[in-house]
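J.: Under the numbering used here, residues 13 to 508 are what the sequence shown spells out, in order. For glycine and all other residues, C-beta sits at the position ideal for the given N, C-alpha and C. Below is the structure I would like to discuss, written out as structure tokens.
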Amino acid sequence: MSAPRPWLTPDAAPALCAAGRSASRQELAARADALAGWLAARGLGEGEVAAAFLPNGLGFAALVHAIDRAGAVLLPLNLRLTTAELAFQLRDARAGLLLHDGGTLGARAEAAARAAGGVTALRLPDAAAGSPVRFKPRAGLDAPFALLYTSGTTGRPKGALLTHRNLRASVEASSRHLGVRPDDRWLACLPLFHVGGLVILLRCALHGIPALVHERFDPEAVNRALDGEAVTCVSLVPAMLSELLDARRGRPAPPTLRCVLVGGGPVPRPLLERAAALGFPIAPSYGLTEASSQVATLRPGSDPDPARAGLEPLPGTRLRILAGGRTAGPGEEGEILVRSAAVMRGYANRPQETARVLRAGWLHTGDIGRLDARGRLFVIERRSDLIASGGENVYPAEIEAALLEHPDVLEAAVAGVVDERFGQRPAAWLVLRPDCALGADELARFCRERLAGYKVPVRFERVAALPRSATGKLLRNRLAAGDDAEREPGGLTSSR
Numbered sequence: 013m014s015a016p017r018p019w020l021t022p023d024a025a026p027a028l029c030a031a032g033r034s035a036s037r038q039e040l041a042a043r044a045d046a047l048a049g050w051l052a053a054r055g056l057g058e059g060e061v062a063a064a065f066l067p068n069g070l071g072f073a074a075l076v077h078a079i080d081r082a083g084a085v086l087l088p089l090n091l092r093l094t095t096a097e098l099a100f101q102l103r104d105a106r107a108g109l110l111l112h113d114g115g116t117l118g119a120r121a122e123a124a125a126r127a128a129g130g131v132t133a134l135r136l137p138d139a140a141a142g143s144p145v146r147f148k149p150r151a152g153l154d155a156p157f158a159l160l161y162t163s164g165t166t167g168r169p170k171g172a173l174l175t176h177r178n179l180r181a182s183v184e185a186s187s188r189h190l191g192v193r194p195d196d197r198w199l200a201c202l203p204l205f206h207v208g209g210l211v212i213l214l215r216c217a218l219h220g221i222p223a224l225v226h227e228r229f230d231p232e233a234v235n236r237a238l239d240g241e242a243v244t245c246v247s248l249v250p251a252m253l254s255e256l257l258d259a260r261r262g263r264p265a266p267p268t269l270r271c272v273l274v275g276g277g278p279v280p281r282p283l284l285e286r287a288a289a290l291g292f293p294i295a296p297s298y299g300l301t302e303a304s305s306q307v308a309t310l311r312p313g314s315d316p317d318p319a320r321a322g323l324e325p326l327p328g329t330r331l332r333i334l335a336g337g338r339t340a341g342p343g344e345e346g347e348i349l350v351r352s353a354a355v356m357r358g359y360a361n362r363p364q365e366t367a368r369v370l371r372a373g374w375l376h377t378g379d380i381g382r383l384d385a386r387g388r389l390f391v392i393e394r395r396s397d398l399i400a401s402g403g404e405n406v407y408p409a410e411i412e413a414a415l416l417e418h419p420d421v422l423e424a425a426v427a428g429v430v431d432e433r434f435g436q437r438p439a440a441w442l443v444l445r446p447d448c449a450l451g452a453d454e455l456a457r458f459c460r461e462r463l464a465g466y467k468v469p470v471r472f473e474r475v476a477a478l479p480r481s482a483t484g485k486l487l488r489n490r491l492a493a494g495d496d497a498e499r500e501p502g503g504l505t506s507s508r
């Protein structure tokens, strides 16, 4: 079995720029070597789990490569988690070290380490002292590299164990699909603790192109970078794309931009049309943590609407639709199954759940979709969001798309609410244009013109904002539970 080579090899080319600080590949590699030695001196051994509670930046990137050099396993933690949630993941992953950069995050990290028990919290040094550790191949490509927890929309989060082989297969398949150019500069404004952000660092390191890392998504800052820093590629979620276009105020896309990779959920057709009108090269994508990010993506420059064109499986990725225990034919709906070298090794320390989703070499995603005769994927709904109403399957994304056709609806979210007769019925939460006088009855009529009766929401509620994850992914389960929606006083509420 071949051994993994380091993601980052040293040379004079630029590696990344973050918070006004730039580092060449040689400088970043030297920092990672020193940091790996510092971690080894504090007890981090090969195959052990080291957690990172860090913002986007140079320190995060250096730690990723230091852990690669140390032969350890990276556990990137979501900065929005509570102390209890952090402690759960630390215990579940059996982490020994928790690395932070001080300040408010440092205090939260220390509290989480205490709550977890058996975890040592350490502040990363700006310049690690001690004997550098240079990369030494220790294990094969199937050795674990990163442990990333899923969002937990259907229960406790689970840690997807991604190997060197998984992540390299993902990066190389994406690069073959979207292309790599010598002048590429990839803007990373997604959280690096998310698989979509982490693979940007790894892609840039492997292919020798610079990453421009923003600490957080700020639409004005991203627009300035697009216009003035020769950015060629950027990864976004739909909510980010919407804010980005709002902030541009009608300015067209810069000519240097060749790819806007959009994942994390369906992109509403009106948003795709806005982006296309301004010349943004949109590449809608379907993926999941368990498959190391992308599974199927439309290339930029083709029809940007996946509802019309479908999504192209990445090179080396096989897709299958399972309906009633058999492989579905073209056009039939069913569960999306994925087979590729990028599919995770399994859920850490959860053999039963691993056996449930990994069967005969196929990842059973739980998501609903169909394939056309060309093998292109049409994603219909995430299984966790499916509404079972009176024997009918109701897809929130379909209702949301209909609501977004109304000119006064800026954002829409649909989730199932308990109904004694039907089991579940759809309900809608809406962000509306300021000062609009839109009533629930008008919305219901609007939906009935576009949707079957059983799909029309039984309740409409106006909110100031929708609950989203740190990556901008809509959290429909929290709406259904009555949590995290910023309701507007005196706002629209209706029940039929």
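Any idea if GLN364 is buried or exposed, counting beta-carbon neighbours within 10 angstroms, 16 or more meaning buried?
T.: For the purposes of this step, residue 364 is taken as the residue at position 352 of the sequence shown. Result: exposed.
J.: Alpha carbon to alpha carbon, how far is VAL475 from PRO88? Give it in angstroms, no decimals.
T.: Counted from its first residue, the sequence shown places residue 88 at position 76. Counted from its first residue, the sequence shown places residue 475 at position 463. Between PRO88 and VAL475, the C-alpha separation is close to 32 angstroms.
J.: Does the beta-carbon distance from LEU478 to ALA425 come in below 8 angstroms?
T.: Working through the sequence shown from its first residue, we reach residue 478 at position 466. Working through the sequence shown from its first residue, we reach residue 425 at position 413. Yes. Within cutoff.
J.: Going along the chain, which residues of its own chain have a beta-carbon closer than 8 angstroms to the beta-carbon of ILE333, five neighbours each way excluded?
T.: Here residue 333 corresponds to residue number 321 of the sequence shown, with the count starting at 1. Result list for ILE333: THR339, ALA340, GLU344, GLU345, GLY346, GLU347, ILE348, LEU349, GLY381, ARG382, LEU383, in chain order.
J.: Report yes or no: do three or more beta-carbon pairs, one from the stretch 95-104 and one from the stretch 67-77, lie closer than 8 angstroms?
T.: At 8 angstroms Cβ cutoff, the stretches do not touch.
J.: Report the partner residues of PRO408 according to the DSSP bridge assignment.
T.: The residue you call residue 408 lines up with position 396 of the sequence shown. PRO408 is not bridged to any residue.
J.: Below 8 angstroms between beta carbons: does that hold for VAL183 and ARG215?
T.: Here residue 183 refers to the residue found at position 171 of the sequence shown. Here residue 215 refers to the residue found at position 203 of the sequence shown. In contact: VAL183 and ARG215 (Cβ atoms closer than 8 angstroms).
J.: For the alpha helix (DSSP H) that PRO231 lies in, which residues bound it at each end?
T.: Start at 1 with the first residue of the sequence shown, and residue 231 comes out as number 219. Per DSSP, PRO231 belongs to the alpha helix (DSSP H) from 231-240.
J.: Give the straight-line distance between the Cα atoms of ALA82 and CYS29, rounded to the nearest whole angstrom.
T.: Along the sequence shown, one-based indexing puts residue 82 at 70. Along the sequence shown, one-based indexing puts residue 29 at 17. Approximately 24 angstroms between the Cα atoms of the pair.
J.: To which residues of the same chain is LEU117 closer than 8 angstroms at the C-beta, ignoring the five residues directly before and after it?
T.: Taking the first residue of the sequence shown as 1, we reach residue 117 at position 105. Around LEU117: PHE65, LEU66, PRO67, LEU91.
J.: Measuring CB to CB, does PRO231 end up less than 8 angstroms from VAL272?
T.: Position 219 of the sequence shown, counted from the start, is the residue given in the question as residue 231. Position 260 of the sequence shown, counted from the start, is the residue given in the question as residue 272. Result no, Cβ atoms of PRO231 and VAL272 do not sit closer than 8 angstroms.
J.: In angstroms with no decimal places, state the Cα-to-Cα distance between THR165 and SER401.
T.: Position 153 of the sequence shown, counting from 1, holds the residue named residue 165. Position 389 of the sequence shown, counting from 1, holds the residue named residue 401. Residue placement at THR165 cannot be trusted, given a pLDDT of 40 that sits under 50; the coordinates are not used to answer.
J.: For CYS216, which three-state DSSP category applies?
T.: Taking the sequence shown and counting its residues from 1, the one referred to as residue 216 is at position 204. CYS216: helix per DSSP, three-state reduction.
J.: For PRO438 versus VAL470, is the C-beta distance shorter than 8 angstroms?
T.: Walking along the sequence shown from the start, residue 438 turns up at place 426. Walking along the sequence shown from the start, residue 470 turns up at place 458. Cβ distance < 8 angstroms, so PRO438 and VAL470 count as in contact.
J.: Please go through the same chain and pick out, in chain order, the residues whose beta-carbon is closer than 6 angstroms to the beta-carbon of ASP379, but skip the five residues on each side of it.
T.: For the purposes of this step, residue 379 is taken as the residue at position 367 of the sequence shown. Only ILE348, ARG394, ARG395 meet the Cβ criterion.
J.: For THR175 and ASP195, which I take to be in contact (beta-carbon distance under 8 angstroms), what is that distance rounded to the nearest angstrom?
T.: Start at 1 with the first residue of the sequence shown, and residue 175 comes out as number 163. Start at 1 with the first residue of the sequence shown, and residue 195 comes out as number 183. THR175 to ASP195, Cβ: 31 angstroms. No contact.
J.: Once you ignore the five residues that flank ALA493 on each side, which residues in its own chain have a CB closer than 8 angstroms to its CB?
T.: If you number the sequence shown from 1, residue 493 lands on position 481. Correct list: empty, nothing qualifies.
J.: Taking PRO22 as the reference, which of ARG330, ARG43, ARG33 has the closest Cα?
T.: Taking the first residue of the sequence shown as 1, we reach residue 22 at position 10. Residue ARG43 is the option with its Cα nearest to PRO22.
J.: Considering THR244, what are the terminal residues of the beta strand (DSSP E) in which it resides?
T.: The residue given as residue 244 occupies position 232 in the sequence shown. Segment: none, THR244 is in no beta strand (DSSP E) and carries neither H nor E.
J.: Mark MET13 as exposed unless 16 or more other C-beta atoms lie within 10 angstroms of its C-beta, in which case mark it buried.
T.: To locate residue 13, count along the sequence shown from 1; it is residue 1. In this predicted model, MET13 has a pLDDT of only 45, less than 50, meaning its place in the structure is not dependable; the value taken from the coordinates is given anyway. The residue is exposed, with fewer than 16 neighbouring Cβ atoms inside 10 Å.
J.: The beta strand (DSSP E) with CYS201 in it runs from where to where?
T.: Working through the sequence shown from its first residue, we reach residue 201 at position 189. Run containing CYS201: none; DSSP gives neither H nor E here.
J.: Look at the alpha carbon of PHE472 and the alpha carbon of ARG197, and state the distance between them as a whole number of angstroms.
T.: The sequence position of residue 472 within the sequence shown is 460, counting from 1. The sequence position of residue 197 within the sequence shown is 185, counting from 1. The alpha-carbon atoms of PHE472 and ARG197 are separated by roughly 43 angstroms.
J.: Could you spell out where the alpha helix (DSSP H) holding PRO318 opens and where it closes?
T.: By one-based count along the sequence shown, residue 318 stands at place 306. From DSSP, the alpha helix (DSSP H) with PRO318 extends over 318-321.
J.: What does the alpha-carbon distance come out to for the pair HIS226 and ALA200?
T.: Position 214 of the sequence shown, counting from 1, holds the residue named residue 226. Position 188 of the sequence shown, counting from 1, holds the residue named residue 200. If you take the alpha carbons of HIS226 and ALA200, they lie about 6 angstroms apart.
J.: Whether or not the stretch 274-282 and the stretch 296-307 are in contact is what I'm after, with contact meaning three or more pairs of Cβ atoms, one per stretch, closer than 8 angstroms; do they touch?
T.: Counting Cβ pairs under 8 angstroms, three or more are found: they touch.
J.: Apply the 10 Å Cβ neighbour rule to LEU290 and answer buried if 16 or more other Cβ atoms are within range, or exposed otherwise.
T.: Taking the sequence shown and counting its residues from 1, one reaches residue 290 at position 278. When all chains shown are included, LEU290 counts as exposed.
J.: Under a three-way DSSP split, which group does TRP19 fall into?
T.: Taking the sequence shown and counting its residues from 1, the one referred to as residue 19 is at position 7. Note: TRP19 maps to coil in three-state DSSP.
J.: Could you name the residues of the same chain whose beta carbon sits closer than 7 angstroms to that of ARG177, not counting the 5 residues immediately before and after it, in chain order?
T.: As a working mapping, residue 177 is identified with position 165 in the sequence shown. Only LEU153, ASP154, ALA353 meet the Cβ criterion.
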